[in-house]
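Structure, as structure tokens:
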Amino acid sequence: MKPLARTSSSNDLTVFCNTDAAWRSDLMTAGIGWILTYRHGQEISRATASQLNVTFVCMAEALAIREALINASTQHITHICLRTDSQVLARAITARRRPTDLYGILSDIDSLTSSPSFPFTECSVVFIPRARNGPADLLAKSCHGPEAIKTFCFVL
1 MKPLARTSSS NDLTVFCNTD AAWRSDLMTA GIGWILTYRH GQEISRATAS
51 QLNVTFVCMA EALAIREALI NASTQHITHI CLRTDSQVLA RAITARRRPT
101 DLYGILSDID SLTSSPSFPF TECSVVFIPR ARNGPADLLA KSCHGPEAIK
151 TFCFVL
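If you use UniProt numbering, the sequence shown corresponds to residues 1 to 156, in order.
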């Protein structure tokens, strides 16, 4: 099992992935979004999706990370630094703790980051302040609502 790093890599191959989610408690839905960029800031891609039956905000954030990892794996990215504004989630992932209500999603994330069948040679998860995650936040909010369920919007 590959270790999950707590800090971002100094490797030039590292792709940064900002993730975020916008959760609606009244509808139990979430809009999720992620942006992949090279170290120097050039954008690789961005995508969004909507999810049903999301019972709390941390679940929405975890779903955003899981979907971003799946998307990054299809782009043959080998070194990734996930950036989230959920400190609780960043700690749970790096410590490989799985609270009962997030067990399945966090197990998926762990499998995606440490399984030999997925392309990640290196994966780190870091907390960033909400103020530094604005573009991913806007992206998540733009794809929010039941009419957009599991619709991916890719921008290259």
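Ideal Cβ placement from N, Cα and C applies to all residues, glycine included.
Asked	Found
Counting Cβ pairs closer than 8 Å, one from the stretch 25-37 and one from the stretch 84-103, do we hit at least three?	no
Name the residue from GLY31, ASP108, LYS141, ARG130 whose alpha carbon lies nearest to the alpha carbon of GLN51.	GLY31
Are the CB atoms of ILE35 and ASN18 within a distance shorter than 8 Å?	yes
Once DSSP output is grouped into helix, strand and coil, what is the label at PHE152?	Because the pLDDT at PHE152 is just 47, under 50, the model does not fix this residue reliably, and the point stays unresolved.
Here's the rule I'm using: 16 or more other beta-carbon atoms within 10 Å means buried, otherwise exposed. How should SER86 be labelled?	buried
Nearest CA to the CA of VAL126: which residue from ASP101, THR84, PRO119?	THR84
Taking C-beta to C-beta, are ARG39 and THR78 nearer than 8 Å?	no
Quick one: measure Cβ to Cβ for ALA62 and LEU106, integer angstroms, because I've assumed they're closer than 8 Å.	6 Å
CB ALA64 to CB ASP20, shorter than 8 Å?	yes
Which residue from ALA49, PRO119, ARG132, MET59 puts its Cα closest to that of PRO99?	MET59
Mind reading off the beta-carbon distance from CYS143 to THR48? Whole number of angstroms is fine, and I expect it under 8 Å.	3 Å
If you run the structure through DSSP and keep just helix, strand and coil, what is VAL15?	strand
Can you tell which of HIS76, LEU102, ALA131, ASN71 has the C-alpha that lies nearest to the C-alpha of residue 173?	Since the first residue of the chain shown is 1 and the last is 156, residue 173 is not available in this structure.
Going by DSSP, which residues form a beta bridge with TYR103?	Partner(s): none; TYR103 has no beta bridge.
With DSSP run on the structure shown, which of helix, strand or coil describes THR74?	helix
On the criterion of 16 or more Cβ atoms from any shown chain inside 10 Å, does SER115 qualify as buried, or is it exposed?	exposed
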